[in-house]
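Residue numbers (my numbering): 1323 to 1729.
Positions of the beta carbon are idealized from the N, C-alpha and C atoms, including for glycine.
Remember, predicted model here, so these are calculated numbers, not experimental data.
Worksheet for the structure shown next.
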């Protein structure tokens, strides 16, 4: 497995484009399209928020029932959530417009939207945008970069990953892009994420891989505790690598899953590390757990604690907040046995041993906590399981960004 410089077009047969359609009223790109030259098998995971945006409903139906998928069209600026039947019809219209422009069936097109909830899509801008995107599609690195830029809202940077692997003696690529900075607390998905591969794999195995891997990747990140109405992870496989089609578990399936897990982990960390207003990626590792689920619950509780996130922002080794967050997580453990460490590129420091302060150097702790990536490690000494969660610090700018979001 090798990391390569690439985005959504790194996998063979995938084209992309991003442009400004005028949805946001700025010069920023606000529409993107991904297209496969051949039909794809598709998989998806979506928000568990009871309030589901119209694109989520459309995409879930397409993934579950359509014989194949060949394109994704995305807009940013307007979420198309809480928009009723009119909003859902706009999804149909987007898919239909894209299908006509690309020469594929309407139900072979997935749609995604992100932005302000409650507003109807400006179809007078969306439709010309779709036509322009269909003509701008390309397979270059720059085409991928423009698509990644076009799906951003409050993100400060585009998020892309590409890996090269070997399956059945054939070179294959798993690559993707995502967006997300606020309203990030996924449950079966993240904000918007699009992953593609040129590997040949059945719909059933593709869905199985995605559903299992999301548990320890996107479901283990949080920026602010808010689960979005639009959370979607879409995965397309077009088979252009030429490997024997993966239709059951085995070595080829495990190789594919390893690559997919790496791509989704990297994208998860990019989202957490670009949380609205944040200054650092905050990682929590729980080790020595009795079960995997126990470790997941504890790690997620640590990165979700606003008090802990504020302490990380202040470079303050206030470890009591970590232990407190673990204590109300709902997972059982013995506080008197817990060891806690802080770690970054500046070093590693044990600050708690068996539930008690170690008398650590505050100066060294501050140095460790002043880096762009900070890890808290909690060893609960109950077993051999572990889990990792990713979040970010909580800053003054988070409130400012969200206070001004519509204005």
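Between the beta-carbon of residue i and the beta-carbon of residue j, is there less than 8 Å?
{"i": "residue 1704", "j": "residue 1611", "result": "yes"}
{"i": "residue 1618", "j": "residue 1630", "result": "no"}
{"i": "residue 1514", "j": "residue 1635", "result": "no"}
{"i": "residue 1558", "j": "residue 1391", "result": "yes"}
{"i": "residue 1344", "j": "residue 1492", "result": "no"}
{"i": "residue 1430", "j": "residue 1452", "result": "no"}
{"i": "residue 1435", "j": "residue 1402", "result": "yes"}
{"i": "residue 1357", "j": "residue 1459", "result": "yes"}
{"i": "residue 1393", "j": "residue 1355", "result": "yes"}
{"i": "residue 1712", "j": "residue 1554", "result": "no"}
{"i": "residue 1678", "j": "residue 1641", "result": "no"}
{"i": "residue 1528", "j": "residue 1370", "result": "no"}
{"i": "residue 1467", "j": "residue 1450", "result": "no"}
{"i": "residue 1556", "j": "residue 1472", "result": "no"}
Considering only the alpha carbon of each residue, which of the options lies closest to residue i?
{"i": "residue 1691", "options": "1672, 1679, 1342 and 1706", "result": "1672"}
{"i": "residue 1465", "options": "1330, 1477 and 1669", "result": "1330"}
{"i": "residue 1624", "options": "1699, 1602, 1585 and 1600", "result": "1699"}
{"i": "residue 1542", "options": "1325, 1439, 1710 and 1722", "result": "1710"}
{"i": "residue 1702", "options": "1682, 1653 and 1712", "result": "1653"}
{"i": "residue 1470", "options": "1490, 1500 and 1449", "result": "1500"}
{"i": "residue 1609", "options": "1662, 1686 and 1689", "result": "1662"}
{"i": "residue 1670", "options": "1696, 1503 and 1655", "result": "1696"}
{"i": "residue 1581", "options": "1486, 1369 and 1613", "result": "1486"}
{"i": "residue 1534", "options": "1650, 1583, 1693 and 1351", "result": "1583"}
{"i": "residue 1632", "options": "1719, 1656 and 1387", "result": "1719"}
{"i": "residue 1526", "options": "1490, 1568, 1708 and 1488", "result": "1568"}
{"i": "residue 1689", "options": "1666, 1707 and 1681", "result": "1666"}
{"i": "residue 1639", "options": "1723, 1682, 1545 and 1332", "result": "1682"}
{"i": "residue 1676", "options": "1563, 1560 and 1656", "result": "1656"}
Quick check: the Cα distance between residue i and residue j, rounded to an integer number of angstroms?
{"i": "residue 1335", "j": "residue 1497", "result": "12 Å"}
{"i": "residue 1395", "j": "residue 1353", "result": "8 Å"}
{"i": "residue 1327", "j": "residue 1573", "result": "26 Å"}
{"i": "residue 1597", "j": "residue 1627", "result": "15 Å"}
{"i": "residue 1380", "j": "residue 1410", "result": "7 Å"}
{"i": "residue 1646", "j": "residue 1658", "result": "13 Å"}
{"i": "residue 1511", "j": "residue 1385", "result": "Low confidence applies to residue 1511: its pLDDT is 41, below 50, so where it sits in the model is not reliable, and the reading given next is rough at best. Cα to Cα, the separation comes out at about 15 Å."}
{"i": "residue 1324", "j": "residue 1576", "result": "16 Å"}
{"i": "residue 1637", "j": "residue 1648", "result": "20 Å"}
{"i": "residue 1417", "j": "residue 1600", "result": "36 Å"}
{"i": "residue 1303", "j": "residue 1440", "result": "Past the edges of the chain, shown from 1323 to 1729, lies residue 1303, and the structure says nothing about it."}
{"i": "residue 1604", "j": "residue 1482", "result": "20 Å"}
{"i": "residue 1443", "j": "residue 1531", "result": "33 Å"}
{"i": "residue 1571", "j": "residue 1490", "result": "14 Å"}
{"i": "residue 1651", "j": "residue 1587", "result": "23 Å"}
{"i": "residue 1615", "j": "residue 1622", "result": "11 Å"}
{"i": "residue 1593", "j": "residue 1502", "result": "5 Å"}
{"i": "residue 1338", "j": "residue 1426", "result": "16 Å"}
{"i": "residue 1685", "j": "residue 1365", "result": "49 Å"}
{"i": "residue 1488", "j": "residue 1461", "result": "21 Å"}
{"i": "residue 1375", "j": "residue 1415", "result": "15 Å"}
{"i": "residue 1721", "j": "residue 1347", "result": "24 Å"}
Kindly indicate the opening and closing residues of the alpha helix (DSSP H) around residue i.
{"i": "residue 1514", "result": "Not the alpha helix (DSSP H): residue 1514 falls in the beta strand (DSSP E), residues 1514-1519."}
{"i": "residue 1688", "result": "1684-1691"}
{"i": "residue 1410", "result": "1406-1424"}
{"i": "residue 1607", "result": "No alpha helix (DSSP H) contains residue 1607, which is instead part of the beta strand (DSSP E) from 1603-1611."}
{"i": "residue 1362", "result": "Counting along the chain, residue 1362 falls outside any alpha helix (DSSP H), though it belongs to the beta strand (DSSP E) covering 1353-1368."}
{"i": "residue 1327", "result": "Per DSSP, residue 1327 belongs to no alpha helix (DSSP H) and is neither H nor E."}
{"i": "residue 1642", "result": "1641-1649"}
{"i": "residue 1503", "result": "Looking at the DSSP string, residue 1503 is not in any alpha helix (DSSP H), and its letter there is neither H nor E."}
{"i": "residue 1579", "result": "1573-1594"}
{"i": "residue 1528", "result": "1525-1535"}
{"i": "residue 1623", "result": "1614-1626"}
The beta strand (DSSP E) with residue i in it runs from where to where?
{"i": "residue 1699", "result": "1695-1701"}
{"i": "residue 1552", "result": "No beta strand (DSSP E) holds residue 1552; DSSP gives it neither H nor E."}
{"i": "residue 1392", "result": "1391-1400"}
{"i": "residue 1338", "result": "1336-1341"}
{"i": "residue 1480", "result": "Premise fails: residue 1480 is in no beta strand (DSSP E) and is neither H nor E."}
{"i": "residue 1311", "result": "The structure shown does not extend to residue 1311, since the chain is modelled only from 1323 to 1729, so the question has no answer here."}
{"i": "residue 1665", "result": "1661-1666"}
So residue i and residue j are supposed to be a Cβ contact under 8 Å. How far apart are they, rounded?
{"i": "residue 1484", "j": "residue 1520", "result": "Not a contact, Cβ separation roughly 11 Å."}
{"i": "residue 1585", "j": "residue 1536", "result": "The pair is not a contact, with the Cβ atoms about 12 Å apart (cut-off 8 Å)."}
{"i": "residue 1389", "j": "residue 1413", "result": "At roughly 19 Å, the Cβ-Cβ gap does not stay under 8 Å, so residue 1389 and residue 1413 are not in contact."}
{"i": "residue 1551", "j": "residue 1373", "result": "5 Å"}
{"i": "residue 1595", "j": "residue 1404", "result": "About 30 Å separates the two Cβ atoms, so there is no contact after all."}
{"i": "residue 1524", "j": "residue 1475", "result": "Not a contact, Cβ separation roughly 34 Å."}
{"i": "residue 1707", "j": "residue 1613", "result": "6 Å"}
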